[in-house]
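Every letter in the sequence shown is one number past the one before it in the numbering used here, and letter 186, counting from 1, is 186. Quick reminder that beta carbons are idealized off the backbone N, C-alpha and C, glycines included. Owing to the predicted nature of the structure, the values given are computational and were not obtained by experimental measurement. See structure below.
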Amino acid sequence: MEALSVEVLEALRRGTDLHGLSSLNIAGRLDLRNIRLGGEENDQGAGIDVLPGAIVSDVDFSGAEAPGVRLVGTRVVNCVFEKANLDGLEARATNFVGCSFAGASLRGAQLSIPLNDRYSLYEDVDFSRAMLYGASCVDASFKRCVFSGVKMGAMSFRGSDFLDCSFSGALRRVVFSDDSLTGRVLPGPVMQNVDFSDAVLRDVEFRGIDLNGVSLPEGDPHIVVKHYRCVLGRILDRLPVSGQPFTYGLRAYLAAELGHSHPARGLGIWHRASLGKTPEEQEYAIRLLRACERECEGDG
1 MEALSVEVLE ALRRGTDLHG LSSLNIAGRL DLRNIRLGGE ENDQGAGIDV LPGAIVSDVD
61 FSGAEAPGVR LVGTRVVNCV FEKANLDGLE ARATNFVGCS FAGASLRGAQ LSIPLNDRYS
121 LYEDVDFSRA MLYGASCVDA SFKRCVFSGV KMGAMSFRGS DFLDCSFSGA LRRVVFSDDS
181 LTGRVLPGPV MQNVDFSDAV LRDVEFRGID LNGVSLPEGD PHIVVKHYRC VLGRILDRLP
241 VSGQPFTYGL RAYLAAELGH SHPARGLGIW HRASLGKTPE EQEYAIRLLR ACERECEGDG
């Protein structure tokens, strides 16, 4: 395995076909499960550079140790990275098609970095149970991707669009935004047929997104209101409240959210824990939101 690891690493750096290195196969893919790429030096962040423009196809990297891998203009097709360590991954204008990252660790990964007006694509990709804390993504497209049972936090999807995707599991401090760093013009709406109904959303922001193509979770611990912009406009007029110190922070939180919202957004959603630190504070905020919702509903 150690000798094969060296050969695979060199082949990736040269951009040559991996399939001549071994005759071992699993489910029609080259069997490189549990391979370790980069040795001790890589554990310290040296990383692995794949030759720009390389094509990696039909390989099973399940359980691989490859933190810090850097892909530039790479095309990755029908590959499996289940339970692999890909912490610190850098993908520059790279396409993943028909791949699985199920159970993989992608802490601090940069899922997409634009390169010379080229952008990353994830098509038919499975991120089920993946660890994505601290990851980021700029100007990518996600088509028919599954984020089931994902562990996602302190990360952003900036200037990225989603088509026929689903999310479940815990999302905390995640930002979805239409704001591109490069001026990229999205091919359509930011989100089309995107399902969050089985996810738990806490401090999740949808900046510049109207949510018309989005299914949201319902019921506790989520608070969903209609007439979003009207409701926030009214509640901000009533906050802060004398004798209720927590409402100063609540007002700042809601004002910042309104400032980033799409002008046509109709639904608002919050995790109750985002509205106050104690059950009493949360209930106070919820009652005020509901009262404003009723008023906005009455205004037609």
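Do residue j and residue i come within 8 Å of each other at the CB atom, strictly closer than that value?
i    : j    : result
L275 : Q282 : yes
L121 : L106 : no
D49  : R70  : yes
C137 : S160 : yes
D31  : D60  : yes
L319 : L4   : The requested residue 319 does not occur in the structure, where the chain is confined to residues 1 to 300.
H262 : E205 : no
Since I believe residue j is in contact with residue i (beta carbons under 8 Å), could you give me their beta-carbon distance rounded to a whole number of angstroms?
i    : j    : result
A140 : S112 : 3 Å
I235 : L254 : 6 Å
E297 : H222 : Contact doesn't hold; Cβ gap of about 19 Å is too wide.
F142 : F162 : 5 Å
D198 : R172 : With a Cβ gap of about 16 Å, D198 and R172 do not count as contacting.
Determine the DSSP secondary structure at residue i, reduced to helix, strand or coil.
i    : result
I286 : helix
H249 : Looking at the sequence itself, residue 249 is Gly, so the reference to His does not match. G249: helix per DSSP, three-state reduction.
I235 : helix
R92  : strand
L71  : strand
A255 : helix
L19  : According to the sequence shown, residue 19 is His rather than Leu. Here H19 sits in helix by DSSP.
V6   : helix
D43  : Only weak support is given to the placement of D43: the predicted model assigns it a pLDDT of 41, under 50, and the value that follows is read from those uncertain coordinates. Looking at D43 - three-state DSSP - the assignment turns out to be helix.
Y228 : helix
A140 : coil
S274 : helix
L211 : coil
Between the Cα of residue i and those of the options, spot the shortest distance and give me the residue it belongs to.
i    : options                  : result
V80  : E65, G98 and P67         : G98
A64  : L86, C292 and N34        : N34
P189 : T182, G208 and P114      : G208
M152 : M191, V200 and G15       : V200
A54  : R129, F206, A91 and E205 : A91
P67  : R229, N78, K83 and N116  : K83
G219 : A252, R272 and A256      : R272
L211 : F246, D164 and G266      : G266
P245 : E10, L216, T94 and Y284  : Y284
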